[in-house]
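Numbering of the sequence shown is given in this note's numbering, commencing with residue 181 and proceeding in unit increments. Please read the structure below before turning to the comments.
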Amino acid sequence: MGYGYWVWLIPLSSGSISIGIVADASIHNFDEMNRFERALAWLHRHEPQCAAAVEQQQDKLQDFRVMKDYAYTCEQVYSGDRWCLVGEAAVSIDPLYSSGSDLIAIGNGLSCDLITRNLNGEDINDLAVGHSQIFLIFAEVWLAAYQGQYPLMGNARVMVAKVIWDTIIYWAFPGLLYFHDKIKSLGESPITMANLYRCWNLHNRVQAFFREWHAIDQPEASSTFADPYSLLDFLVDLHTGMAAGLPDAELELQFAKNARLLEHLAGQLVSTVIEELADHSADAAIQNQIQRWQAEPFLVELIEIYHEEDTVNPIDRSWIMLGYQRQEKQEVLG
């Protein structure tokens, strides 16, 4: 990853390796990478180790393809007139995290539900409207993780916390509901729908917080390896909890607990970043941003939830601090 881009390397079952550049066109000009030679030159500038490896295998190049403006959405994906849009015909967001596969799974499930009910003689007109709305909500939830976030990819400190947050929200929210086959019946549960909107609203604000944090804190990257999964028990619990097989009543309760956990973690994130940046008293931009955060009622409420919950359920803040490890080690050694 770097400022405005990321590069994938995917070993394929054929033995070939797929290498892809994904970039924000407002930061990296498409014309600088839309031919193989141009893409290789671009890699030499931004990812020289990758470029050197590609160059060594240049005689084995099989194909080269490009796609511009690949992200899009629809106003409607299901109709009572018995048509559905699924896969890339419906919504295409971003290849990072492979969220397109998740949307295909959700979309196919909702489509099958409509088909089954229609074959059973049910009137699906209202249900098609509801399913369409639900699908597009999930698409918007995923979109928030990408839209406007590509500049952050050059900021290792912020991106470590962001990638972990994106994983947390995924397992606590859409993952939990999908594994319990709840998405097709969300409209039947007002409590679950309320918590869905609660999580969505929180997720949007946290993504904006990452942008605000990045704007005032851009340290140099270090060689520290960030490994949250071996350190944080709550991540493991969220992962295994997706497949807990809970009955509906217990699932509603668990989703409500997950929403509270997300608020707890969001409050911890805001509180920790403020604490870490507070020493920069001579930096007007940092101090002004801290004051705005401290004056925002929604963030104040999240911080209060964090302090309240942390007294009974303390959570290691290392998921936020992994990006600070190198600096702290250097200070100790010094």
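We put the beta carbon where it would ideally sit given N, CA and C, even for glycine.
Check: Quick check on S279: buried or exposed, where buried means 16 or more other Cβ atoms within 10 Å of its Cβ?; Outcome: buried
Check: Can you list, in chain order, the residues of its chain with a C-beta nearer than 8 Å to that of E284? Leave out the 5 residues immediately preceding and following it.; Outcome: According to the sequence as given, residue 284 is Ile; it is not Glu. Excluding residues within five positions, the ones whose Cβ falls inside 8 Å are V266 and G267.
Check: Can you give me the start and stop residues for the alpha helix (DSSP H) that G280 sits inside?; Outcome: S279 to L299
Check: Along the chain, where does the alpha helix (DSSP H) that runs through N307 open and close?; Outcome: Before going on, a small fix: residue 307 reads as Leu here, not Asn. Per DSSP, L307 belongs to the alpha helix (DSSP H) from N305 to A324.
Check: Closest to W165 by C-alpha separation, out of G355, K342 and Q398, would be which residue?; Outcome: This structure cannot settle anything about residue 165, because the visible part of the chain is limited to 181 through 514.
Check: Is L376 buried or exposed, if buried means 16 or more other CB atoms sit within 10 Å of its CB?; Outcome: buried
Check: Using a 10 Å radius around the Cβ and a threshold of 16 neighbouring Cβ atoms, would you call E455 buried or exposed?; Outcome: exposed
Check: Considering only the alpha carbon of each residue, which of I201, G289 and R262 lies closest to Y185?; Outcome: I201
Check: Could you tell me the alpha carbon to alpha carbon distance between I344 and L449, rounded to whole angstroms?; Outcome: 11 Å
Check: Who are the Cβ neighbours of R506 in its own chain at under 8 Å, not counting the five residues just before and after it?; Outcome: Because R506 carries a pLDDT of 47, less than 50, the predicted location of this residue cannot be relied on, and no value is offered for it.
Check: For M373, which of helix, strand or coil comes out of DSSP?; Outcome: helix
Check: Thinking C-beta only, is S272 closer than 8 Å to Y258?; Outcome: no
Check: Based on the DSSP secondary-structure assignment, which residues constitute the bridge partners of P427?; Outcome: Partner(s): none; P427 has no beta bridge.
Check: Who are the Cβ neighbours of I197 in its own chain at under 8 Å, not counting the five residues just before and after it?; Outcome: L189, I190 and P191
Check: Rounded to a whole number of angstroms, what is the C-alpha to C-alpha distance between H224 and C230?; Outcome: 8 Å
Check: Round the Cβ separation of F315 and L290 to the nearest angstrom and send it over; I've been treating them as touching at under 8 Å.; Outcome: 6 Å
Check: What do you reckon, are the CB atoms on G328 and R391 nearer than 8 Å?; Outcome: yes
Check: Checking contacts by CB at 8 Å: is R245 closer than that to chain B?; Outcome: The chain inventory of the structure shown lacks chain B, comprising one protein chain alone.
Check: Where do the N-terminal and C-terminal ends of the beta strand (DSSP E) with S155 fall, by residue?; Outcome: What the structure shows of the chain is the stretch from 181 to 514, and residue 155 is not part of that stretch, so it cannot be assessed.
Check: From the DSSP output, in three-state form, read off L356 for me.; Outcome: helix
Check: So does L223 have its beta carbon nearer than 7 Å to some heavy atom of the ligand PLP?; Outcome: Within the structure as shown, the ligand PLP is missing, as the structure has no ligands at all.
Check: Does the separation of the CB atoms of V446 and L502 fall below 8 Å?; Outcome: One point to set straight first is that residue 446 is Ala, not Val, in the sequence displayed. No.
Check: Shortest alpha-carbon distance to N438 belongs to which of R215, A465, G425 and G421?; Outcome: G421
Check: Give the range of the alpha helix (DSSP H) segment to which Y486 is assigned.; Outcome: P477 to D490
Check: Given a cut-off of 8 Å, decide if S451 and Y486 are closer than it, judged by their beta-carbon atoms.; Outcome: yes
Check: Using C-beta distances below 8 Å, list every residue in its chain close to M333, excluding the 5 sequence neighbours before and after it, in chain order.; Outcome: M181, G182, Y183, G184, Y185, W186 and M339
Check: Report the rounded CA-to-CA distance for H444 versus R497, giving the unit in angstroms.; Outcome: 11 Å
Check: What span of residues does the beta strand (DSSP E) with S198 cover, start to end?; Outcome: I197 to A203
Check: Pull up the distance between the alpha-carbon of G514 and that of Y504, whole angstroms please.; Outcome: Its pLDDT being 46, under 50, G514 is placed unreliably in this model, and the value from its coordinates should be taken loosely. Cα to Cα, the separation comes out at about 16 Å.
Check: With a 10 Å radius around its C-beta and 16 neighbouring C-beta atoms as the bar for buried, classify V492 as buried or exposed.; Outcome: exposed
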